[in-house]
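Residue numbers (our numbering), protein chains in the order written: chain E, 1 to 113; chain V, 1001 to 1113.
The structure is reproduced here in structure tokens:
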């Protein structure tokens, strides 16, 4: 079955530091890949997505590239802010549909001023 | 701003009882999915409803059931509650068409004692 593995947290950074959160996946077919963010006390928000190999998703300074050869979708940001503190989830669905998102366990990011 | 609302926000139930959680979809969305998020884990897919019928189910027992109404709102019912059912229950609404974004509500925190 499908699965998502992301680096365990928590991750603690200083403001303006570079962020990488690793995500690898196992899936049949051609999954779509997502990063969701969950701020304290809130639901999940879609951060970015990529639907085919070599696509780059980007939003709010965050980027992730769909790497089929390494089955990876690592999240990066060049300069984090305190407001980026949240839990980040890597997820996938089969073939571009929104049916049955499969999530990783989440990575807690704390950014200190 | 998602427009997906869930009620109640918090709930405490006793083992063996039954519970109903409610979700109001974002305007224009015809598909609702439910997820269970245990503490420190990623959300796990329970089931999805489209046109008032179950359109797919994750690895959850039959005591987890749902409904979708003509206005696309939805209910999640859990019978014979167990301690392990304690979790955040998330509702996500979307269009059925592939590639569209799923919008999540803030969730209902269920505690079973």
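Note that beta-carbon positions come from the ideal geometry of N, C-alpha and C, so glycine has one too.
Since we're looking at a predicted model, the values are computed, not measured.
Out of curiosity, what's the CA-to-CA distance linking residue i and residue j?
i	j	result
residue 1005 of chain V	residue 1019 of chain V	18 Å
residue 1001 of chain V	residue 1080 of chain V	With a pLDDT of 47 at residue 1001 of chain V, under the threshold of 50, the modelled position of that residue is not reliable, and no figure is offered here.
residue 113 of chain E	residue 86 of chain E	15 Å
residue 1078 of chain V	residue 1065 of chain V	6 Å
residue 41 of chain E	residue 102 of chain E	21 Å
residue 132 of chain E	residue 1105 of chain V	Because chain E in this structure spans residues 1 to 113, residue 132 of chain E falls outside the shown range and cannot be described.
residue 1067 of chain V	residue 109 of chain E	36 Å
residue 3 of chain E	residue 30 of chain E	13 Å
residue 1113 of chain V	residue 1007 of chain V	20 Å
residue 28 of chain E	residue 100 of chain E	14 Å
residue 32 of chain E	residue 45 of chain E	16 Å
residue 65 of chain E	residue 58 of chain E	9 Å
residue 1102 of chain V	residue 1092 of chain V	6 Å
residue 81 of chain E	residue 111 of chain E	6 Å
Kindly indicate the opening and closing residues of the beta strand (DSSP E) around residue i.
i	result
residue 1065 of chain V	1064 to 1068
residue 40 of chain E	Unbroken run through residue 40 of chain E: none, as it is neither H nor E.
residue 1082 of chain V	Residue 1082 of chain V -> no beta strand (DSSP E), and no H or E assigned at all.
residue 1045 of chain V	1044 to 1050
residue 1035 of chain V	1031 to 1037
residue 6 of chain E	3 to 6
residue 72 of chain E	Taken as a continuous stretch (DSSP letters only), residue 72 of chain E belongs to no beta strand (DSSP E), as it is neither H nor E.
residue 1005 of chain V	1005 to 1007
residue 1105 of chain V	Counting along the chain, residue 1105 of chain V falls outside any beta strand (DSSP E), and DSSP gives it neither H nor E.
residue 1056 of chain V	1053 to 1057
residue 1089 of chain V	1087 to 1094
residue 1113 of chain V	That residue, residue 1113 of chain V, is in no beta strand (DSSP E); it is neither H nor E in DSSP.
residue 1022 of chain V	1019 to 1024
residue 89 of chain E	86 to 94
Counting only beta-carbon atoms, is residue i nearer than 7 Å to chain E?
i	result
residue 1045 of chain V	yes
residue 1010 of chain V	no
residue 1104 of chain V	yes
residue 1003 of chain V	no
residue 1056 of chain V	yes
residue 1013 of chain V	no
Check the Cβ of residue i against every Cβ in chain V and list those closer than 7 Å, keeping chain order.
i	result
residue 89 of chain E	1042
residue 42 of chain E	1106
Mind pulling the chain E residues with CB within less than 8 Å of residue i?
i	result
residue 1028 of chain V	Those do not exist, as residue 1028 of chain V stays about 14 Å from chain E at its closest Cβ, beyond 8 Å.
residue 1090 of chain V	43 and 44
residue 1048 of chain V	99 and 100
Run through chain V and tell me which residues come within less than 9 Å of residue i, C-beta to C-beta.
i	result
residue 46 of chain E	1101, 1102, 1103 and 1104
residue 33 of chain E	Those do not exist, as residue 33 of chain E stays about 12 Å from chain V at its closest Cβ, beyond 9 Å.
I want to verify the contact list: residues of chain V whose CB lies under 8 Å from the CB of residue i, in sequence order.
i	result
residue 39 of chain E	Correct list: empty, because the minimum Cβ distance to chain V is about 10 Å.
For chain V, check one thing: does any of its Cβ atoms lie closer than 7 Å to the Cβ of residue i?
i	result
residue 103 of chain E	yes
residue 106 of chain E	yes
_Against chain V, which members of the region 43 to 75 of chain E pass a CB distance test of less than 9 Å?_
Here the close residues are 43, 44, 45, 46, 49 and 51.
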